[in-house]
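Colleague: Handing you this structure, nothing more for now.
In the numbering used here, the protein residues as written are 1160 to 1589.
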């Protein structure tokens, strides 16, 4: 069994996300703890929030006080609702949340059934529940639950998958750049669907890679090809170009075009596209800043990549769903998710400020040194093959995984040459 611990501040967003699954027949409420019993009343979410509220008001120092946990057993395990409830209770008790208010949902929107638990990490005395090393603690609890309920162990599965393929962001300071890039681009088409160069670049940007199409003349004939670059933490090209031919036939322009074509049909009629739209819509309507919006979606396994011109105007937005391994441009999901809509919502306000109205202080960036990276394993793991036993992963590799999931990173590309432009209105006013 694999546990994901999402930490945030948007309680209403977490509750609404799960309730939407229930309303669409893609989920059910299994149980509650120190909360009202499941009900079909229209204001049930409001009732839940009212009962959570005292736990939140007594502690205004804890910024991320909401916990959105998912427990994912192996698909071959046939688990009934009663057992799911017992597993949830055992997990919450072992993690120190036995007396906290929480609600347990079962999701059936993907091939494997799994449960989501929404709770808060502050008690009625205003004390924060100790969550140091909670990821390591969670892994131990999962192993204990697997033994107690005779579930399929996730350790062997993860070790096997980690040997097969490991996606890590490119580190341009190392000498094996070609091998690093190859380890990503040779395998992405096996897992992800993307139907154009823009979507492909959005996905590659998570791995510090960029691709460009080139056209050359050979024996009087025009031929098209691809070249790849490594990017630094600012999204700037920092390496010499690598021809796609260096990575084998599977990475060629012709093969990529085939992948675009097959992905286009798949993405157009993919049934879970509706669920993705609903998830984005909820996040958009229940968050106040772009940072919160990105964080909320990241907790659901969705990366947001924005493309901006030198005036900080959004001209493209891409959503990368790591659960279903699909990449969608906002316009592909509908007019309500296009770049123009985001510009209208944000107006002339800096993109790091509230989406709706008002101004807030921009949060300080957190520098995760080696010590912190070991203790704060709390981000949403977006790849299934990273999700279980991190003991098999070297600390340096995990640091790369953490950087990949960082919501503070922003790629601002110029409309014509995708170059990074760093312009903030705060600096302009100085």
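Beta carbons: idealized from backbone N, C-alpha and C, even for Gly.
Rank 1213, 1449, 1268 by C-alpha distance to the C-alpha of residue 1278 and give the top, closest one.
Modeller: Per the Cα distances, 1213.
Colleague: Just curious, the beta strand (DSSP E) that residue 1419 is in, first and last residue?
Modeller: No beta strand (DSSP E) holds residue 1419; the alpha helix (DSSP H) holding it covers 1412 to 1428.
Colleague: Using CA coordinates, which residue listed in 1399, 1457, 1306 is at the minimum distance from residue 1337?
Modeller: Checked all of 1399, 1457, 1306; the closest Cα to residue 1337 is 1399.
Colleague: Is DSSP giving residue 1366 helix, strand or coil here?
Modeller: Residue 1366: coil per DSSP, three-state reduction.
Colleague: Can the beta-carbon of residue 1200 be found less than 8 Å from the beta-carbon of residue 1264?
Modeller: No, these two residues do not count as a Cβ contact at 8 Å.
Colleague: Inspect the beta-carbon positions of residue 1245 and residue 1251 and report whether they are closer than 8 Å.
Modeller: No; because the gap between Cβ atoms is not below 8 Å, this pair is not in contact.
Colleague: Can at least three beta-carbon pairs, one atom from the stretch 1327 to 1337 and one from the stretch 1346 to 1354, be found at a separation below 8 Å?
Modeller: In short, these stretches do not touch, since the Cβ pair count stays below three.
Colleague: Under 8 Å between the Cβ atoms of residue 1483 and residue 1431?
Modeller: Closer than 8 Å, so yes.
Colleague: Just the C-alpha distance for residue 1261 and residue 1436, rounded to the nearest angstrom, thanks.
Modeller: If you take the alpha carbons of residue 1261 and residue 1436, they lie about 26 Å apart.
Colleague: Let me know if residue 1372 comes out buried or exposed under the rule of 16 or more other beta-carbons within 10 Å of its beta-carbon.
Modeller: So residue 1372 counts as exposed.
Colleague: Where does residue 1345 sit, in a helix, a strand or coil, going by DSSP?
Modeller: Correct three-state label for residue 1345: coil.
Colleague: Opposite residue 1478 in the DSSP bridges: which residues?
Modeller: Looking at the DSSP assignment, residue 1478 forms a beta bridge with 1463, 1487.
Colleague: Report the rounded CA-to-CA distance for residue 1423 versus residue 1347, giving the unit in angstroms.
Modeller: Computed Cα separation, rounded: 16 Å.
Colleague: Rank 1215, 1216, 1195 by C-alpha distance to the C-alpha of residue 1206 and give the top, closest one.
Modeller: If we check each option's Cα against that of residue 1206, 1195 comes out closest.
Colleague: Alpha carbon to alpha carbon, what distance is there between residue 1204 and residue 1174?
Modeller: Looking at the two C-alpha atoms, the distance is approximately 7 Å.
Colleague: Using the Cβ count rule (16 or more neighbours within 10 Å means buried), how would you classify residue 1413?
Modeller: Classification for residue 1413: exposed.
Colleague: What separation, rounded to the nearest whole angstrom, lies between the Cα atoms of residue 1477 and residue 1401?
Modeller: Distance between the alpha carbons of residue 1477 and residue 1401 is about 25 Å.
Colleague: Return helix, strand or coil for residue 1194, following the three-state DSSP convention.
Modeller: Of the three classes helix, strand and coil, the one that applies to residue 1194 here is coil, per DSSP.
Colleague: Are residue 1274 and residue 1229 closer than 8 Å when you measure CB to CB?
Modeller: Cβ atoms of residue 1274 and residue 1229: closer than 8 Å.
Colleague: Between which two residues does the beta strand (DSSP E) containing residue 1162 stretch?
Modeller: Segment 1161 to 1167, the beta strand (DSSP E) holding residue 1162.
Colleague: Go ahead and pull the three-state DSSP assignment for residue 1527.
Modeller: Reliability of the predicted coordinates at residue 1527 is poor, the pLDDT of 31 falling under 50, and no value is obtained from them.
Colleague: Can you say whether residue 1451 is buried or exposed, counting buried as having 16 or more other CB atoms within 10 angstroms of its CB?
Modeller: So residue 1451 counts as buried.
Colleague: From residue 1457 to residue 1378, what does the alpha carbon distance come to, in whole angstroms?
Modeller: Residue 1457 and residue 1378: Cα-Cα distance of roughly 49 Å.
Colleague: Below 8 Å between beta carbons: does that hold for residue 1370 and residue 1385?
Modeller: Taking 8 Å as the Cβ cut-off, residue 1370 and residue 1385 qualify as a contacting pair.
Colleague: Hey, residue 1268 and residue 1186: beta-carbon distance below 8 Å or not?
Modeller: Taking 8 Å as the Cβ cut-off, residue 1268 and residue 1186 qualify as a contacting pair.
Colleague: Are residue 1434 and residue 1472 closer than 8 Å when you measure CB to CB?
Modeller: Their beta carbons are not under 8 Å apart, which means residue 1434 does not touch residue 1472 by this criterion.
Colleague: Quick one: measure Cβ to Cβ for residue 1360 and residue 1426, integer angstroms, because I've assumed they're closer than 8 Å.
Modeller: Going by Cβ atoms, the distance from residue 1360 to residue 1426 rounds to 16 Å, so no, they are not a contact pair.
Colleague: Taking 7 Å as the limit between beta carbons, can you name the residues of its chain near residue 1441, skipping five residues before and five after?
Modeller: Excluding sequence neighbours, residue 1441 sits near 1172, 1175, 1176, 1179.
Colleague: Can you name, in chain order, every residue of its own chain whose Cβ lies under 8 Å from the Cβ of residue 1283, other than the five neighbours on each side?
Modeller: Excluding residues within five positions, the ones whose Cβ falls inside 8 Å are 1213, 1214, 1217.
Colleague: My assumption, with CB atoms under 8 Å, is that residue 1462 sits in contact with residue 1365. Please give the rounded CB distance.
Modeller: The pair is a contact, with the Cβ atoms about 6 Å apart (cut-off 8 Å).
Colleague: Thinking C-alpha only, which one of 1420, 1306, 1383 is nearest residue 1232?
Modeller: Nearest of 1420, 1306, 1383 to residue 1232, Cα basis: 1306.
Colleague: Within the continuous alpha helix (DSSP H) that includes residue 1434, where are the two ends?
Modeller: Per DSSP, residue 1434 belongs to the alpha helix (DSSP H) from 1432 to 1445.
Colleague: Would you mind sorting residue 1226 into buried or exposed? The rule is 16 or more other CB atoms within 10 Å of its CB.
Modeller: So residue 1226 ends up on the buried side.
Colleague: Measure the Cβ-Cβ separation of residue 1446 and residue 1219 and say whether it is below 8 Å.
Modeller: No, Cβ-Cβ distance for residue 1446 and residue 1219 is not below 8 Å.
Colleague: Which ranges does the beta strand (DSSP E) cover as unbroken runs of at least 3 residues, wholly within the stretch 1251 to 1288, from first to last along the chain?
Modeller: If we require 3 residues or more, the beta strand (DSSP E) runs fully inside the stretch 1251 to 1288 come out as 1261 to 1266, 1273 to 1279.
Colleague: Return the CA-CA distance between residue 1276 and residue 1160, expressed in angstroms with no decimal places.
Modeller: Residue 1276 and residue 1160: Cα-Cα distance of roughly 15 Å.
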